[in-house]
Amino acid sequence: MPARREEHVCGECGASTARWMGRCPACGGWGTLSAVVPGAGGAGGGPQGAEAPAMVRAAELAAEAPVERLATGFGELDRVLGGGLVPGSAVLLGGEPGVGKSTLLLQAADRLAATVPVLYVGAEESIGQVGRRARRLGVSAAELRLAAETELGRVLAAASRAAPRVLAVDSVQAVRDGTLPSAAGSVAQVRRVADALVEASRRGGWATLLVGHVTKDGLLAGPKTLEHLVDVVLAFEGDERSGRRVVRCVKNRYGAVDEVGVFEMTGAGLADAQDPSATLLGSRVRGVAGSAIAAAREGRRTLLVEVQALTAGSALAAPRRNVVGVDAGRTQLICAVLERWGGIELGGSDVYVAATGGLRVSDPGADLAVAAAIASGHLRVAAAIETAWMGEIGLCGELREVAGIEGRMAEAARMGLGRCVVPAAGRGARTSRGEGIEVVEAERVADALAALRECCAKRNVAATNNFLDTDPGADV
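All residue numbers for the sequence shown refer to numbering that gives the first Met the number 0, where the first residue is 0 and numbers rise by one.
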């Protein structure tokens, strides 16, 4: 029998090398390589004569009834999950310290326990601390069991004995396997703990909720394989100084990604935002320069978000472009298009752009709102507060059609806005032009800026002299 050859596998990316190296040659991670010995055997590396796994026909699976999901008691969380928890699945919830991960997990466990048995394991707190937090949040479900444990074997034993429908662990980085010499939270420990919990979830048929830490860069702590092991990855976002929180779906094997759920942090814990658009727009200041309303598409829903922009003279050779809540690269692109095709001189100005409400907007359909906010702030004129802006901006200054335009217009009308500025492209494919709302179609950025000027003129704002009379697309 040939001798087994030792390999060294990276815990971050899974790359393997024949010898140990301090730095992974594939991903560049330091100290991530660990020794493994592949199993001996025949072709494929498996043991000779191994029993083949059970196989079924795909048509037989397709004919089965859909799996009944477990409702978490939070409508916004169920929306992000795709309708609730799937039995046997594993969900990873990551977020900054203090954002409310443990609060959401404990409240969801309590509401789930109203219908099914739930086991909540706190690995970062004592049982007394978990109990005090439970009393503060009003947790009292009879089928909810609490435990405080950091040893993986004891956590699995408790789950096996309790036979829950849902297992909640806070957090995966705080649990350790005593058979490994490394400390809790290390790459090897996180990989081993996550693998064991996910495998137990599959075997036992219970859904597992895991809390995950994040690094200073906002990435989930631990190996990348952690995200590959679980079925659903959720990012919990929000400013800890404000009461608004957002759960965003990053990965979902059982539903759509990029779905978002909006919550409010109250004295009694987290609560669903009853009207997310109204929540996001509730504190806006009316009639000020540098503000525009974006109708952004997040998953299957439309949210109205206020985009604010400020420009100021810069003494730097390369003026600043600072953004919060919107894509920095697209903001740079929009600034360049405004200069070339909109006649807005930004070369000597610092530009600051932010999406209010703690929501991170990644939809290209918010480009036009960002452009309107920058132009409004730079020209010191107020865009009409009753106008929603939607459309993607191209490098040639054209406005491109975006998905779900009818839904965006319907949401704007529902929120009482009287006007929408939309791309003229794709007008023939629209089944509706918006009920009870004026629709302004623009082919280019210059047309949208003309609509901005018209809005200002209707509000008796002296903005005409601030716009260039020359052709913004002409060569200088």
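From the three backbone atoms N, C-alpha and C, an ideal C-beta is built for every residue, glycine too. Keep in mind it's a predicted model, so treat the numbers as computed, not measured.
Would you tell me roughly how many angstroms separate the C-alpha atoms of residue i and residue j, rounded to the nearest one?
{"i": "A146", "j": "G203", "result": "19 Å"}
{"i": "A409", "j": "L151", "result": "50 Å"}
{"i": "S170", "j": "A372", "result": "41 Å"}
{"i": "T386", "j": "C419", "result": "5 Å"}
{"i": "V350", "j": "E297", "result": "25 Å"}
{"i": "G341", "j": "L309", "result": "17 Å"}
{"i": "G415", "j": "V90", "result": "38 Å"}
{"i": "V256", "j": "A314", "result": "43 Å"}
{"i": "S276", "j": "I436", "result": "17 Å"}
{"i": "E400", "j": "A113", "result": "46 Å"}
{"i": "L303", "j": "A411", "result": "7 Å"}
{"i": "A234", "j": "E148", "result": "25 Å"}
{"i": "Q273", "j": "A445", "result": "38 Å"}
{"i": "L136", "j": "Q106", "result": "7 Å"}
{"i": "A441", "j": "K250", "result": "36 Å"}
{"i": "G10", "j": "T16", "result": "12 Å"}
{"i": "L219", "j": "D271", "result": "25 Å"}
{"i": "G97", "j": "E59", "result": "47 Å"}
{"i": "T355", "j": "E198", "result": "41 Å"}
{"i": "D109", "j": "S139", "result": "7 Å"}
{"i": "L278", "j": "G324", "result": "Sequence check: residue 278 is Thr here, not Leu. The straight-line gap from Cα to Cα measures roughly 16 Å."}
{"i": "A424", "j": "A133", "result": "54 Å"}
{"i": "V380", "j": "G417", "result": "19 Å"}
{"i": "V246", "j": "E50", "result": "43 Å"}
{"i": "R201", "j": "E75", "result": "26 Å"}
{"i": "L394", "j": "R443", "result": "11 Å"}
{"i": "E226", "j": "E453", "result": "50 Å"}
{"i": "C26", "j": "P222", "result": "12 Å"}
{"i": "R244", "j": "R359", "result": "11 Å"}
{"i": "G328", "j": "R320", "result": "10 Å"}
{"i": "R285", "j": "Q172", "result": "45 Å"}
{"i": "L111", "j": "G312", "result": "55 Å"}
{"i": "G217", "j": "R299", "result": "25 Å"}
{"i": "I384", "j": "P24", "result": "54 Å"}
{"i": "G396", "j": "V174", "result": "53 Å"}
Keeping to the same chain, check which residues put their C-beta closer than 6 Å to that of residue i; ignore five residues upstream and five downstream.
{"i": "P163", "result": "P116, V117, L118 and W205"}
{"i": "R22", "result": "W29"}
{"i": "R407", "result": "A294, T301 and M389"}
{"i": "R283", "result": "E305"}
{"i": "P86", "result": "G204 and A206"}
{"i": "V439", "result": "V420 and A450"}
{"i": "V79", "result": "V246, C248, E258 and G260"}
To which residues of the same chain is residue i closer than 8 Å at the C-beta, ignoring the five residues directly before and after it?
{"i": "G177", "result": "E150, L151 and G152"}
{"i": "M20", "result": "H7 and L32"}
{"i": "R18", "result": "H7"}
{"i": "G43", "result": "Note on G43: pLDDT 47, under 50, position unreliable in the model; the coordinate value appears next. Around G43: no qualifying Cβ."}
{"i": "R252", "result": "S88, D230 and V231"}
{"i": "V322", "result": "T330, Y351, V352 and A353"}
{"i": "R144", "result": "P116, V117, L118, Y119, A161 and P163"}
{"i": "A195", "result": "L151, L155 and D176"}
{"i": "I126", "result": "L145, A146 and A147"}
{"i": "A141", "result": "A112"}
Closer than 7 Å by C-beta to residue i: which residues in its own chain qualify, once you throw out the five before and the five after it? Chain order, please.
{"i": "A402", "result": "R296"}
{"i": "L179", "result": "A187, Q188 and R191"}
{"i": "G83", "result": "R68, L69, A70, T71 and D77"}
{"i": "V35", "result": "E6 and V8"}
{"i": "S361", "result": "D326"}
{"i": "E124", "result": "A147"}
{"i": "G81", "result": "N251, Y253, G254 and A255"}
{"i": "G357", "result": "E236, G237, D238, S241, R243 and V245"}
{"i": "A484", "result": "No information on residue 484 is available, as it lies outside the stretch 0 to 475 that the chain covers here."}
What distance in whole Å lies between the Cβ atoms of residue j and residue i, which are believed to be in contact at a cut-off of 8 Å?
{"i": "L280", "j": "E263", "result": "Not really, about 14 Å apart at Cβ, beyond 8 Å."}
{"i": "A193", "j": "L166", "result": "The pair is not a contact, with the Cβ atoms about 13 Å apart (cut-off 8 Å)."}
{"i": "V120", "j": "A157", "result": "7 Å"}
{"i": "P422", "j": "L448", "result": "At roughly 14 Å, the Cβ-Cβ gap does not stay under 8 Å, so P422 and L448 are not in contact."}
{"i": "A288", "j": "G376", "result": "5 Å"}
{"i": "A93", "j": "G211", "result": "Residue 93 is actually Gly in this sequence, not Ala. The Cβ separation is near 4 Å, so the contact holds."}
{"i": "V213", "j": "E95", "result": "6 Å"}
{"i": "A370", "j": "I392", "result": "6 Å"}
Give a yes or no on whether the minimum CB-CB distance between residue i and chain D is below 8 Å.
{"i": "V229", "result": "No chain D appears in the structure shown, which is made up of a single protein chain."}
Report the residue ranges of all alpha helix (DSSP H) runs contained in full by the segment 328-387; include only those spanning at least 4 residues, in chain order. 366-378
Do the segment 361-380 and the segment 336-345 make contact, defined as three or more Cβ pairs closer than 8 Å? yes
In chain order, which alpha helix (DSSP H) runs of at least 4 residues are fully inside the segment 279-314? none
If we require 3 or more residues per run, which beta strand (DSSP E) segments fall completely within the segment 188-215? 206-211
Secondary structure, alpha helix (DSSP H): runs of 4+ residues fully inside the segment 146-192: 151-161
Contained alpha helix (DSSP H) runs [length at least 4] in the segment 73-149, N- to C-terminal order: 74-80, 100-111 and 126-135
Any chance the segment 256-273 sits against the segment 85-103, with 3 or more Cβ pairs inside 8 Å? yes
Contiguous beta strand (DSSP E) assignments of at least 3 residues, all confined to the segment 242-269: 243-251 and 259-265
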